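Report on one structure; see the data block that follows.
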Amino acid sequence: MSQEALAEQCGVSFQQIQKYENGANRISFSRLVQIARALRCRVVDLMDVLDTPAGDGDVDLLSRMRTPGALELLNAFERLPQEARSSLVNLLRVMTDPEAGHKARHKEVA
């Protein structure tokens with residue numbers, strides 16, 4: 013697909029598409045979704061071609077959301093009451109880092 017055709021489908025100029033492509037302008041997630049739809053692919057398919065600069069939190073977050081089950085987990089997590097969320101986060105800390113669990117128990121005793 014040409015940059016002109018992609019730009020037309022996304023409602024931007026082809027110059028803007030060029031700026032996205034060469035990294036001169038940041039691309040919002042909603043624009044990334046538009047581009048993926050225009051290209052008939054998934055957003056995660058576009059993520060593989062991104063050259064991620066060190067410390068770019070937006071891209072890091074999007075990359076993490078590609079982990080199988082991440083979206084389902086986040087959806088379920090959002091429906092939990094705050095107390096249950098805190099308990100679940102503490103449980104996951106213990107499961108993934110036994111030292112974190114030891115520190116958390118140590119704080120509760122103090």
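Residue numbers for the sequence shown, in my numbering: 13 to 122.
Glycine residues also receive a C-beta, built at the ideal position from the N, C-alpha and C atoms.
Only a predicted model underlies this, so the values are computations on that prediction, with no experimental measurement involved.
Quick one: using the 10 Å Cβ neighbour count with 16 as the cut-off for buried, is residue i buried or exposed?
{"i": "residue 19", "result": "buried"}
By Cβ distance below 6 Å, which residues in the same chain neighbour residue i in space, the five residues on each side in sequence not counted?
{"i": "residue 66", "result": "A caution first: residue 66 carries a pLDDT of 49, below 50, which makes its placement in the model unreliable, though a value can still be read off. Correct list: empty, nothing qualifies."}
Tell me which residues share the same chain as residue i and place their Cβ nearer than 8 Å to its Cβ, disregarding the 5 neighbours each side in the sequence.
{"i": "residue 89", "result": "97, 100"}
Under 7 Å Cβ to Cβ from residue i, same chain only, skipping five residues before and after it: list those, please.
{"i": "residue 26", "result": "15, 16, 19"}
Going by C-alpha distance, which of the options is nearest residue i?
{"i": "residue 49", "options": "13, 108, 103", "result": "13"}
Quiz item: Mind pulling the beta strand (DSSP E) runs of 3 or more residues that sit fully within the region 13-81?
Solution: none
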